[in-house]
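Chemist: At position 449 of the sequence shown (counting the first as 1) the number is 448 in numbering that gives the first Met the number 0, and the numbers step up by one without a gap. I have a structure here, written as structure tokens, and I will follow up with some questions on it.
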Amino acid sequence: MENIVKELCSLLKGTKTYIVGGFLRNNYLGIKNCNDIDLVTFSSKIKLEEIISKNFGVTPINIGPLTKFHIKEKNLFIDITESSYNNIYEDLKYRDFTCNTLALKVDHYPNFNNLIDINNSREDIKKKLIIPVSNKSLTLDPVRILRVYYIKGKYNFHIPLNTIMEIRKNAPLLVSAKGERLKDELKKILKLDNSNQLLFLMYLHGVLQILIPPVEKMANIKQNHYHRKNLLIHSFKTLEIFEQNLKNIIYFSPFYNNIKNYVNEHLVILKLACFLHDIGKIDTFKVAPSGKITFYKHELEAEKYIINLANTLKLSSTEKSGLETIIKEHMKPLYLYLNKNITKSNKYKFFNSNKEHSLGFLLLSLCDYLATRSGGDGYGIEIESYQKYILNLIEDYYTKRDELVEVHSLLTGDEIQAILNIPPSRQIGIIKDQLIKGQILGKIKNKEEAIKYIINKFS
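Given below as structure tokens:
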């Protein structure tokens, strides 16, 4: 990585360009092979774009005032901004945190003796402190608040009391921040292994409630006798189980790599689902005359909250759909388990209708169950039994796809119309569903039996 950065800096010599931010902080911390480099230039950004494009064969991506490059062969990400200030010293006074305000002219790289440090950055980095550059840093750009928790989680930095006070004061300003930027910063937090702890800190500092307003109500929802903690604590616990325990549970599954790939691809929505899976309980909380607390069909009431969150964070339609599906379906495995109704037909129903995210709601169901029962006496056997049940369903998902996930009717719609002499209608879909059900149950094994079945039942 050092060679490609040397080459980059050599090409940009004489352009009044500086390395700033995390690359230098990480180098000072002794973290090598950092593959992100931020550049600020007091020259023409277009000139830099031309130099990099020509020499590395890459195309710039312009996002507002920011230009991004990705040199794939070296896996180096480059961000370039053209400073609006007169010089680097003035520029550094308006950056986010002191730990991010080291600067080095590209002409001097890799000679770190020429580091520019006007904000006591090295001392704060050494002490691992997150301190705003000024009392206006978070006011000017409230999204920087989220960056505090990323830095803490990623590099084990500390948040001093004065910084917490600044966060509390400026957190309400997040409501007017652009959703895309909020999403980008929140995703970085959720991709960390300790995001549960970071979200809890955000809650204690009054930040999470701004991003997800229903969190305030979640803290006041008591639960039934299965849950020892309130709704909010249970939600944090479910996310904690996902982050800390799930890897060990699935490790011995023959489909460990498949599960791991799915989790890595959908990590952000899976973590959001873990935290928000019971948010519908806010509206379904009921106390019976006997004193029993119920939340009937709470999983279906979560949709409006997911829609609001998706709008706030500008989630893509794919992200929103995945989050809705995982939360809406997460109770079904438990219902089947408790009712001892784990039939082939029922497995087909939730595998076929949800396909890819079937794995997501199975994993959520397991984490939810463990969060509910962990810490209680006498639950060891129940937990072991439910883990085995979920892992068996995951095995079915991968080994019986033709039977349970991607089952196709033995007869096409056109064939059904011709056999029964009927026009196109909704009835065709109903007949195909009946055929598939018969195929799953083993009552219809071939095309001849399918024809006989529909003639006897529908003609």
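Every residue gets a Cβ at the ideal spot worked out from N, C-alpha and C, and that includes glycine. Computed from a predicted structure; not experimentally measured.
Return the chain-ordered list of same chain residues with a C-beta closer than 6 Å to the C-beta of residue 202, the five sequence neighbours on each side being excluded.
Modeler: Cβ neighbours of residue 202 beyond the five flanking positions: none.
Chemist: Whose C-alpha, out of 319, 305, 306 and 331, is nearest the C-alpha of residue 296?
Modeler: Among 319, 305, 306 and 331, the Cα nearest to that of residue 296 is on 331.
Chemist: Please classify residue 177 as buried or exposed, where buried requires at least 16 other C-beta atoms within 10 Å of its C-beta.
Modeler: It counts as exposed.
Chemist: Going by the beta-carbon positions, is the gap between residue 344 and residue 439 smaller than 8 Å?
Modeler: Going by C-beta atoms, residue 344 is nearer than 8 Å to residue 439.
Chemist: The beta strand (DSSP E) that contains residue 78, what's its start and end?
Modeler: Segment 75-81, the beta strand (DSSP E) holding residue 78.
Chemist: Assuming residue 81 contacts residue 40 (C-beta within less than 8 Å), just tell me the rounded distance between them.
Modeler: Yes, residue 81 and residue 40 are in contact; Cβ-Cβ is about 6 Å, under 8 Å.
Chemist: May I ask you to report which of helix, strand or coil DSSP gives residue 84?
Modeler: Coil at residue 84, not helix or strand.
Chemist: Assign residue 255 to one of two classes, buried (16 or more other C-beta atoms within 10 Å of its C-beta) or exposed (fewer than that).
Modeler: Its Cβ having fewer than 16 others within 10 Å, residue 255 is exposed.
Chemist: Which two residues bound the contiguous beta strand (DSSP E) that contains residue 104?
Modeler: Per DSSP, residue 104 belongs to the beta strand (DSSP E) from 102-104.
Chemist: Skipping 5 residues on each side, what residues in its chain have a beta carbon closer than 6 Å to that of residue 458?
Modeler: Once the five neighbours on either side are set aside, the close Cβ partners of residue 458 are 419.
Chemist: Can the beta-carbon of residue 123 be found less than 8 Å from the beta-carbon of residue 117?
Modeler: Result no, Cβ atoms of residue 123 and residue 117 do not sit closer than 8 Å.
Chemist: Please name the residue, chosen from 23, 366 and 283, that lies closest to residue 113 on a Cα-to-Cα basis.
Modeler: That would be 23, whose Cα lies nearest to the Cα of residue 113.
Chemist: For residue 14, count the other beta carbons within 10 Å of its own beta carbon; 16 or more makes it buried, fewer makes it exposed. Which is it?
Modeler: Buried: at least 16 other Cβ atoms inside 10 Å.
Chemist: Thinking just about the alpha-carbon of each residue, which of 200, 127 and 191 is nearest to the one in residue 166?
Modeler: For residue 166, the nearest C-alpha among the options comes from 200.
Chemist: Between residue 306 and chain B, is the shortest Cβ-Cβ distance under 8 Å, so that the two count as touching?
Modeler: Protein chain content of the structure displayed is limited to a single chain, and chain B is not contained in it.
Chemist: Please state the DSSP three-state secondary structure of residue 198.
Modeler: Residue state, collapsed to three classes: helix.
Chemist: Which word fits residue 169, buried or exposed, when buried means at least 16 other C-beta atoms lie within 10 angstroms of its C-beta?
Modeler: Under this definition residue 169 is a buried residue.
Chemist: The beta strand (DSSP E) with residue 19 in it runs from where to where?
Modeler: From DSSP, the beta strand (DSSP E) with residue 19 extends over 16-19.
Chemist: Could you name the residues of the same chain whose beta carbon sits closer than 6 Å to that of residue 311, not counting the 5 residues immediately before and after it, in chain order?
Modeler: Only 178 meet the Cβ criterion.
Chemist: In the DSSP assignment, find the unbroken alpha helix (DSSP H) run with residue 233 in it and report its ends.
Modeler: First-last of the alpha helix (DSSP H) with residue 233: 230-243.
Chemist: Report yes or no: do the segment 53-70 and the segment 100-107 share at least 3 C-beta pairs separated by less than 8 Å?
Modeler: Cβ pair count under 8 Å is below three, so no.
Chemist: With 16 as the cutoff for other CB atoms within 10 Å, does residue 376 come out buried or exposed?
Modeler: No answer about residue 376 holds up, because its pLDDT of 44 lies below 50 and its placement is not dependable.
Chemist: Roughly how many angstroms lie between the CA atoms of residue 448 and residue 209, to the nearest whole one?
Modeler: Cα-Cα distance, rounded: 60 Å.
Chemist: Let's test the definition: count the other Cβ atoms within 10 Å of the Cβ of residue 381 and tell me whether it reaches 16, buried, or not, exposed.
Modeler: It is exposed - the Cβ of residue 381 has fewer than 16 other Cβ atoms within 10 Å.
Chemist: What are the uninterrupted segments assigned as beta strand (DSSP E) that are 3 or more residues long and contained completely in the segment 39-68, given in chain order?
Modeler: Complete beta strand (DSSP E) runs here, min 3: 60-62.
Chemist: Pull the bridge partners of residue 157 from the DSSP assignment, please.
Modeler: Paired residue(s): 128.
Chemist: What is the C-beta distance between residue 386 and residue 361, in whole angstroms, given that I count them as a contact (C-beta under 8 Å)?
Modeler: About 11 Å; that fails the 8 Å criterion.
Chemist: Please state the DSSP three-state secondary structure of residue 375.
Modeler: Its pLDDT being 49, under 50, residue 375 is placed unreliably by the model, and the measurement read from it follows with that caveat. Three-state result, residue 375: coil.
Chemist: Does the structure place the segment 228-236 close enough to the segment 275-285 that three or more beta carbon pairs sit under 8 Å?
Modeler: Contact between the segment 275-285 and the segment 228-236 is present, because at least three Cβ pairs lie under 8 Å.
Chemist: Thinking just about the alpha-carbon of each residue, which of 42, 64 and 94 is nearest to the one in residue 21?
Modeler: Cα-wise, what sits closest to residue 21 is 94.
Chemist: State buried or exposed for residue 126, treating a residue as buried only when at least 16 other CB atoms are found within 10 Å of its CB.
Modeler: Counting Cβ neighbours within 10 Å, residue 126 comes out exposed, since fewer than 16 surround it.
Chemist: Assign residue 192 to one of two classes, buried (16 or more other C-beta atoms within 10 Å of its C-beta) or exposed (fewer than that).
Modeler: It counts as exposed.
Chemist: Can you pull the DSSP bridge partners for residue 339?
Modeler: The partner list for residue 339 (beta bridge, DSSP) is empty, contrary to what the question assumes.
Chemist: Please classify residue 90: is it buried, with 16 or more other beta-carbons within 10 angstroms of its beta-carbon, or exposed?
Modeler: Its Cβ being crowded by 16 or more others within 10 Å, residue 90 is buried.
Chemist: Using 8 Å for Cβ pairs, my map puts residue 236 next to residue 292. What's the rounded Cβ distance?
Modeler: Actually they are not in contact, since the Cβ atoms of residue 236 and residue 292 sit about 18 Å apart, beyond 8 Å.
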